[in-house]
Amino acid sequence: MKILDGKKVSQKVRDSIKNEILEIKEKIGKVPGLVVIQVGDNVASKIYVNSKIKQCAEVGIKSTNYILPADVTEEELLSKIEELNKDETIHGILVQLPLPNHIDTPKVIEAIHISKDVDGFKPENLGKVVLGDESALISCTPAGILRLFQEYKIDLEGKDVVVIGRSNIVGKPMTALLINEGATVTICNSKTKEISEKTKTADVVIVAIGSANFLKGDMVKDGAIIIDVGINRNESNKICGDVDFESVKDKASYITPVPGGVGPMTIAMLLNNTLKTFKNGKNI
1 MKILDGKKVS QKVRDSIKNE ILEIKEKIGK VPGLVVIQVG DNVASKIYVN SKIKQCAEVG
61 IKSTNYILPA DVTEEELLSK IEELNKDETI HGILVQLPLP NHIDTPKVIE AIHISKDVDG
121 FKPENLGKVV LGDESALISC TPAGILRLFQ EYKIDLEGKD VVVIGRSNIV GKPMTALLIN
181 EGATVTICNS KTKEISEKTK TADVVIVAIG SANFLKGDMV KDGAIIIDVG INRNESNKIC
241 GDVDFESVKD KASYITPVPG GVGPMTIAML LNNTLKTFKN GKNI
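So the sequence shown is numbered by the numbering used here: it starts at 1 and just counts up by one.
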């Protein structure tokens, strides 16, 4: 069993981004700009945002964090996004999810200009991913998983892959990326009957359903590659994934840990998308 080390690979990605931004700065005196908008003071959101801001600083991206009150109106939030859309020093706009119930999340995502959609959440970007268009800004978690496969030289062509979770953020774009890589994909969800019958025959299982320790050792075959996207807390309040690591690890050929697997790759791909939008804006 080999660990797919997201910490190590994400550092490699960040080092590459940092070097490229240094070169660009020396050449034209500009750097990419990212704005993170946070509504309210959700503790988990605050942790994620702080991590993103810290890593932006590490690679040389100029980041700004706008913290809006939890009772901000949808109109005020959309107005702030429109202002940032017009700001040429801002190359990426990220609205930290989840948003309060009184705000229409799809409407907010739609308001971000496609050239600044560093989360890759807009329907147009998802459509480009499905079509295999290289100009797509790919949703950061699926992009990070694909980068892990590439780093460990895992060839997906001809592999049977089961994706558990059909979200617009992970499951659907991940499925499209896998198809583009030549894999045969089965996508499952909470309503799927006999999930274990599907996972037992899969060469690769990617789990993104937010259910602690859902995937057990008796649900996978020997030599399977296991990707755990989940971040949960168990009964002891310890962080764990959607995969029961202890029961699965001895059967897996490769497995991502939680924490330290997919999570660091997600943020690394956000930085990568921000650099890409900066370059797309003909700044260099």
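Ideal Cβ placement from N, Cα and C applies to all residues, glycine included.
None of the values given here were measured: they were computed from a predicted structure.
Beta-carbon gap between residue i and residue j smaller than 8 Å
i	j	result
I239	P257	no
S45	Q55	no
G171	I145	no
D228	G241	yes
K216	S247	yes
I90	V49	no
S190	G223	no
S178	V129	Inspection of the sequence shows that residue 178 is occupied by Leu rather than by Ser. For L178 and V129, no; Cβs fall outside 8 Å.
N273	G92	yes
G230	V207	yes
D203	V161	yes
I24	K18	no
T105	L94	no
A136	P100	no
I225	G165	no
I103	S139	no
L271	R14	yes
G60	I21	yes
T175	V185	yes
G33	K62	yes
S115	N280	yes
A212	N232	yes
Status (buried if at least 16 other CB within 10 Å, exposed otherwise) for residue i
i	result
K153	exposed
P1	This sequence places Met at residue 1; Pro is not what is there. Exposed is the call here.
T201	exposed
Q150	exposed
K52	buried
D119	buried
E181	buried
R147	buried
D5	buried
P142	buried
D117	buried
K276	buried
I195	buried
T73	exposed
Where residue i falls: helix, strand or coil (DSSP)
i	result
G165	coil
D160	strand
N65	strand
I109	helix
T184	strand
D2	According to the sequence shown, residue 2 is Lys rather than Asp. In the structure shown, K2 sits in a strand (DSSP, three-state: E or B).
I206	strand
L97	coil
L131	helix
E49	According to the sequence provided, residue 49 is Val. The question's Glu does not apply to it. Three-state result, V49: helix.
L137	coil
V285	In the structure displayed, the chain extends from 1 to 284; residue 285 sits before or after that span and is not available.
G120	coil
G144	helix
G40	coil
G92	strand
K25	helix
K153	coil
N189	coil
K279	helix
S211	coil
I103	coil
G171	helix
D15	helix
Heavy atom of the ligand NAP within 7 Å of residue i beta-carbon
i	result
L156	The model on display carries no ligand, and the ligand NAP is accordingly not part of it.
Length-filtered (4 minimum) alpha helix (DSSP H) runs lying within the segment 213–265: Complete alpha helix (DSSP H) runs here, min 4: 245–248.
Could you tell me whether the segment 4–12 touches the segment 66–79, using the rule of 3 or more Cβ pairs below 8 Å? no
Does the segment 113–133 come into contact with the segment 148–164, if we say contact requires no fewer than three beta-carbon pairs (one atom in each stretch) closer than 8 Å? no
Do the segment 107–121 and the segment 74–88 meet, that is, are 3 or more Cβ pairs less than 8 Å apart? yes
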